[in-house]
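Below is one structure; the comments refer to it alone.
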Amino acid sequence: MEGRNMFIMKMQGEFFDQVKSGKKIYEVRLYDEKRQKIGIGDTIIFKKQPELIDGVVTKVVDVKRFDTFEQMAQTLSLSSVGFDNKNAGQVARFYRSIYSREDEKKYGVIAFKIELL
């Protein structure tokens, strides 16, 4: 899906700071119904948790689909998704602490390549 829609997503502070600095260039999520609406050209505003006051505006410039978090972690540079000093297994376990294996199997994984606006 390509478009010029705007979406708001919550983001943990550490990852928010990496996006704001331009270091984290991929945002990885479950490819559920909400994320299926996001495409190249869309704007995502990330709000820093827990306060949700600070925000950073980004544009989706590419979209990569994966079957599993392991596949994503073995394909993309881990630093580009916000993980320095971690291996693919650790990164997959992190995402599974947020999303269930059942949902991962049902929806798959999406990585939005983002640029700061």
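In numbering that gives the first Met the number 0, the protein residues as written are 0 to 116. Even for Gly, the Cβ is constructed at its ideal location relative to N, Cα and C.
Could you check whether residue j and residue i sit closer than 8 angstroms to each other, using their CB atoms as the reference points?
i	j	result
valine 18	threonine 42	no
tyrosine 98	valine 27	no
isoleucine 39	valine 60	yes
alanine 72	valine 90	yes
valine 80	phenylalanine 15	no
glutamate 103	threonine 67	yes
leucine 120	glycine 21	As displayed, the chain neither begins before 0 nor continues past 116, which places residue 120 out of reach and without an answer.
State the Cα-Cα distance for the pair residue i and residue j, rounded to the nearest angstrom.
i	j	result
isoleucine 7	phenylalanine 65	22 angstroms
isoleucine 49	isoleucine 37	The identity of residue 49 in the sequence shown is proline, whereas the question assumes isoleucine. Spanning the two alpha carbons is a distance of roughly 24 angstroms.
glycine 88	glutamate 69	7 angstroms
asparagine 86	methionine 10	21 angstroms
threonine 3	tyrosine 25	What sits at residue 3 in the sequence shown is arginine, not threonine. Cα to Cα, the separation comes out at about 19 angstroms.
lysine 117	arginine 92	Residue 117 lies beyond the residue range present for the chain, which begins at 0 and ends at 116; the question has no answer from this structure.
methionine 0	aspartate 83	Residue confidence for methionine 0 is low, a pLDDT of 49 falling below 50, so the modelled location carries little weight and cannot support an answer.
Using a 10 Å radius around the Cβ and a threshold of 16 neighbouring Cβ atoms, would you call residue i buried or exposed?
i	result
lysine 23	buried
isoleucine 113	buried
glycine 107	buried
lysine 47	buried
leucine 51	exposed
leucine 29	buried
Provide the residue(s) that pair with residue i in DSSP beta bridges, ordered along the chain.
i	result
lysine 104	Looking at the DSSP assignment, lysine 104 forms no beta bridge with any residue, so it has no partner.
glycine 54	Lys46
isoleucine 109	Arg28 and Arg64
glutamate 114	Lys58
methionine 8	Phe45
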